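Asks:
In my numbering, the protein residues as written are 19 to 321.
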């Protein structure tokens with residue numbers, strides 16, 4: 019195994035007193051150690067700062083609350099090394115996450131980004147130990163892919179931030195996280211990066227992606243940012259990766275339909291019927307369904 023690959027880890031932290039220590043433990047317990055851990059305290063108002071002051075082998079940067087994108091960008095700018103790994107302050111790395119990334123780098127050193135699969139983790143239903151044990155008990159060979167992914171990124175964001183390692187030079191060339199985006203900022207960045215070079219992934223879940231049942235019911239945003247990010251990329255770059263691979267139009271339309279429908283339903287339930295009407299109209303351009311048409315009529319009558 020190579021011994022000269024150094025990793026910087028960036029962790030944005032905001033009011034995460036209940037989870038940050040476990041996240042840090044998972045990073046410090048890697049079978050292939052990382053070289054630096056940078057935690058950006060994004061103006062937390064709970065005990066996050068106090069907890070971080072008692073943690074070892076980390077560098078803490080304090081800033082006024084400016085959002086996760088700004089926090090990640092602050093961390094990126096402070097990194098010393100070319101391979102930058104991200105993890106959110108409530109997610110957990112499996113012990114061999116970085117070891118597997120090193121394996122990918124050795125196989126495909128020219129990739130600009132590396133990522134793994136993740137395990138959706140509902141802590142109320144499954145302990146951290148049980149989740150990790152369940153993954154580790156599966157003795158199998160996991161597929162590795164090295165390819166252009168832009169055309170796939172138009173369907174959904176395949177690169178969860180907490181699984182990703184990106185070369186610093188690629189970030190400097192592409193630009194950092196868009197601080198104007200309150201959501202879908204990770205999708206936007208990965209779309210831009212996927213125009214610049216190839217990504218390598220291992221289809222092994224090496225991150226516990228923390229979810230809770232309440233988070234599945236979202237509050238309505240001012241606009242459908244995810245669809246806006248994808249549409250902006252299509253206008254700028256089209257439907258093909260730089261090597262000519264094209265998006266599966268059927269899959270693209272199905273996912274786009276679902277995004278518009280879900281946003282429209284949230285807007286409708288919150289009484290924002292004009293937004294709902296526009297979202298259902300957009301959904302019907304991707305796929306015609308009775309359900310969406312009824313929603314369109316109802317929101318049109320009430321807007």
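Glycine included, each C-beta is placed from N, C-alpha and C at the ideal position. Model, not experiment: these values are computed from the prediction.
1) Grab the span of the alpha helix (DSSP H) containing residue 271 for me, first residue to last.
2) How would you write the range of the beta strand (DSSP E) that residue 183 sits in, first residue to last?
3) At the level of alpha carbons, what is the spacing between residue 34 and residue 123?
4) On the criterion of 16 or more Cβ atoms from any shown chain inside 10 Å, does residue 273 qualify as buried, or is it exposed?
5) Using 8 Å for Cβ pairs, my map puts residue 242 next to residue 297. What's the rounded Cβ distance?
6) Spatial neighbours of residue 288 within its chain, please: C-beta separation below 7 Å, excluding the five flanking residues on both sides.
7) Measuring alpha carbon to alpha carbon, tell me which of 227, 245, 265 and 41 ends up nearest residue 279.
8) Is the number of C-beta pairs between the segment 35-44 and the segment 54-72 that are closer than 8 Å three or more?
9) Look up residue 36 in the DSSP assignment and say whether it is helix, strand or coil.
10) Do the segment 108-121 and the segment 206-214 touch if we need at least three Cβ pairs shorter than 8 Å?
11) Going by beta carbon distance, what residues of the same chain come within less than 7 Å of residue 285, once the five residues before and after it are set aside?
12) Which whole-angstrom value describes the C-beta separation of residue 86 and residue 30, a residue pair presumed to lie in contact below a C-beta threshold of 8 Å?
Replies: Once the coordinates are examined:
1) Taking the first residue of the chain shown as position 1, residue 271 is located at position 253. Run containing residue 271: 267-287, per the alpha helix (DSSP H) assignment.
2) Taking the chain shown and counting its residues from 1, one reaches residue 183 at position 165. Per DSSP, residue 183 belongs to the beta strand (DSSP E) from 183-185.
3) Working through the chain shown from its first residue, we reach residue 34 at position 16. Working through the chain shown from its first residue, we reach residue 123 at position 105. C-alpha separation (whole angstroms): 32 Å.
4) As a position in the chain shown, residue 273 is number 255, starting the count at 1. Burial call: buried.
5) Mapped onto the chain shown, residue 242 falls at position 224. Mapped onto the chain shown, residue 297 falls at position 279. 6 Å between Cβ atoms; contact.
6) What you label residue 288 is simply residue 270 of the chain shown in a count that begins at 1. Only 238 meet the Cβ criterion.
7) Position 261 of the chain shown, counted from the start, is the residue given in the question as residue 279. It is 245 whose Cα lies nearest to the Cα of residue 279.
8) yes
9) Looking up residue 36 in the chain shown gives position 18. Here residue 36 sits in coil by DSSP.
10) no
11) For the purposes of this step, residue 285 is taken as residue 267 along the chain shown, with counting starting at 1. Cβ neighbours of residue 285 beyond the five flanking positions: 238, 293, 294 and 297.
12) Here the question's residue 86 lines up with position 68 in the chain shown. Here the question's residue 30 lines up with position 12 in the chain shown. Contact flag correct, Cβ pair sits at about 5 Å.
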